[in-house]
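Working notes, structure below.
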Amino acid sequence: MFKRIIDFFAAPGAKRAIEGAAPTQYVFTGSVASEEKKAIVVGESEQNPPSKNITGYVNHVKKDRLDRWLDNVVKASGSQLVFFIMISGLLVWAFLGIPYGQSDNWAAVISDVQAIVSYGFDSLLMRQQLNGYERQLRISACLRSRVHSQKRMLRQVLASNRYKKSSFREIESSHPGKFDLTLPPENWINRVSNYTALVLGHFGTVCMYWICIFIWIGFGQYCNWSDRWQLYINSGTSALMVLIFTFLANIRERHDEYVEKCMNSIFEVDSDIELKLRIFSGDTQPNPTIVVPAPPLSTLQRIIFYYADVVGTLVGIALLIIVLIIWAGIGPVMHWDNNWWLFIGTYAGLIGLIDGFVLRNVQQRLNQYERLALEDAKLEDMSLSDEIGLPALEKTKVNYNSINYRLSNKMGIICAHEITLILGVLLVIGLIIGASAMKWTLTGQLICNIPPSIIESFFMMILITGHNLSEAEWRADLYHMHLWRLRLYVYVDRLTEEAGNGNNDQEN
């Protein structure tokens, strides 16, 4: 019992192995000639074959009901409805600034709202990242699973000497009639979102952000370093963070949906190749289950992942609710003054600052693991290409030499480093000590609000930058995998039975 409790609390942070198997394409008796019906001979060992083959991409469904509920909440947070509600709220707050702009409460309200919204979105974005990581690894496993079967069956088909291969020139000039050469197009809203993400995550935009911060600092002496001067930047960065958080959740959800559409197209081609090979070879062996091993983790990285797993569950939200109840309870004691209004923003802001460092670290590490898993899948494709003597297409490459890419990538690596995260935690501790020395006055709380708000806004922009870089690489790989499978489809489709072999087999 005691060991169970220890295992339960030790479970977060560990990156378990991910396994996946591509849905096997079955053949039903008496329909060998009917490829259009997706049917072949089912082996006698198959006890419960499906009534219909699964040809496209199917997302993994989690067993636990709570996990499914949380995933639905994550999906909803990236929806168009939530995005427009948040943008509308920002506009309402901005217009209310016309009559109430000189009120400290007006400035404090956006700080509190931003802190609470950011705290909630921290948890949702963390879970979104973890879900994306598991999905990418499972996709890589499924791709490898089907390639294993294709290799096995192609060996059988080619070794039988019954089928004649077409020349490479014929294959290259042929068109896979039933499949499109391009991946599914994006709608205009997605394209606008993509351009917006490129602008927000551009290295030049990040530089402009820091120029604005230094301009604000330059006005400090002119404003006598007053609380009002501090509230100006606090309000500005708070509004920016609400915008970036909601946009980041929305663009990630859009890209996830688009990737699933692309994977569906790739899996459709892949499953058709498998079906044809099963017809040619009579093979009924199911597609193997491929296990992507858990990545090795340092002790510090395990601690970071532990924190990320906790934040990505209900625990982080539950803590915020408890603090909100306490905050509301002490309102009468503090006479609902400015200090009370800023208190919740101070708490959520400090925690949010740590979450910002963790989000960037986790994004970088998970992207590395995803790339390694996808490289294994691409190596399997190359192995099949070499084995059958069918040259693969040249991959469309991302422009790694552009100044924006190199600077953005370098900046992202520095921000994701474990040492950077430790420095962030030390900064939070220093801010708490400073505010405590000032007895948590309005100025003391603003000190705990403004640096976290400035830094977290910067890290959210870096998250968009990191997302843009990984998305560009992922899309280039998707396009290349799609074209390779179309070429393989034509290769298999043009395998023709040599004259005389079929008659000889019947005579024997």
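Sequential numbering of the sequence shown, starting at 1, is according to UniProt numbering. Don't be surprised by glycine CBs; every beta carbon is placed ideally from N, CA and C.
Partner residues in the beta bridge of Glu19, as assigned by DSSP, are Val291. Exposed is the label assigned to Gly177, since fewer than 16 other Cβ atoms lie within 10 Å of its Cβ. Looking only at Ile464, His480, Tyr489 and Ile450, the smallest Cα-Cα distance to Phe203 is reached by Ile464.
Here Trp210 is not near Ile233, since their CB atoms are 8 Å or more apart.
Membership of Cys223 in any alpha helix (DSSP H) is not indicated, and neither H nor E is assigned to it by DSSP.
Separation of the CB atoms of Ala115 and Gly352 is rounded to 6 Å, and the pair is thereby assigned contact status at 8 Å. Of all alpha-carbon atoms in Ser79, Thr441 and Tyr489, the one lying nearest the alpha-carbon of Asp256 is that of Ser79. Of the residues assessed, Ala373 falls on the buried side of the cut-off, its CB having 16 or more other CB atoms within 10 angstroms. Under DSSP, Tyr163 forms a beta bridge with Glu497. Shown here, Ile215 sits in a helix according to DSSP, grouped into three states. If you compare the alpha carbons of Asp71, Ser111 and His60 with that of Arg138, the shortest gap goes to His60. Under the 8 Å Cβ criterion, the stretch 406 to 425 does not count as touching the stretch 329 to 341, having fewer than three qualifying pairs. Here Arg16 is exposed: its Cβ has fewer than 16 other Cβ atoms, across all protein chains shown, within 10 Å. Thr420: member of the alpha helix (DSSP H) spanning Glu418 to Ala437, first to last residue. Per DSSP, reduced to three states, the secondary structure at Asn59 is coil, with no helix or strand assignment. Contact annotation: Cys448 and Ala437 have beta-carbon atoms that are not nearer than 8 Å. Between the alpha carbons of Gln136 and Lys63 lies a gap of roughly 19 Å. Trp336 sits in coil when the DSSP states are folded into three classes, being neither helix nor strand. In the structure shown, the three-state DSSP call for Glu274 is helix.
In this structure the stretch 311 to 328 does not touch the stretch 191 to 205; the number of beta carbon pairs closer than 8 Å is below three. Per DSSP, reduced to three states, the secondary structure at Val490 is helical.
Residue environment: Tyr222 is assigned as exposed (fewer than 16 neighbouring CB atoms within 10 Å of its CB, all protein chains considered).
Per the C-alpha coordinates, the member of Met334, Ile462 and Gly389 positioned closest to Leu248 is Ile462.
Note on Cys207: under 16 other CB atoms within 10 angstroms of its CB, so exposed under the neighbour-count rule. Nearest Cα to Met334 within the set Trp440, Gly89 and Ser145: Trp440.
Distance from the CA of Phe305 to the CA of Val362, rounded to the nearest whole angstrom, comes to 7 Å. Arg254 is the residue among Phe214, Arg254, Arg155 and His148 whose C-alpha sits nearest the C-alpha of Asn187. From the listed residues Pro288, Cys415 and Arg68, the smallest Cα separation to Gly20 is found for Pro288.
Its chain contains Ala373, Leu374 and Ala377 as the residues whose beta carbon lies nearer than 6 Å to that of Ser140, once the 5 sequence neighbours on both sides are disregarded; these appear in chain order. Rounded to the nearest whole angstrom, the C-alpha separation of Leu488 and Ile266 is 12 Å. When secondary structure is reduced to three states using DSSP, Leu183 falls in the coil class, being assigned neither helix nor strand.
Excluding sequence positions up to five before and after Leu478, its CB lies within less than 6 Å of the CB of Cys262, all in the same chain and listed in chain order. Check the Cα spacing between Glu274 and each of Leu181, Leu154 and Gly218: the tightest is with Leu154.
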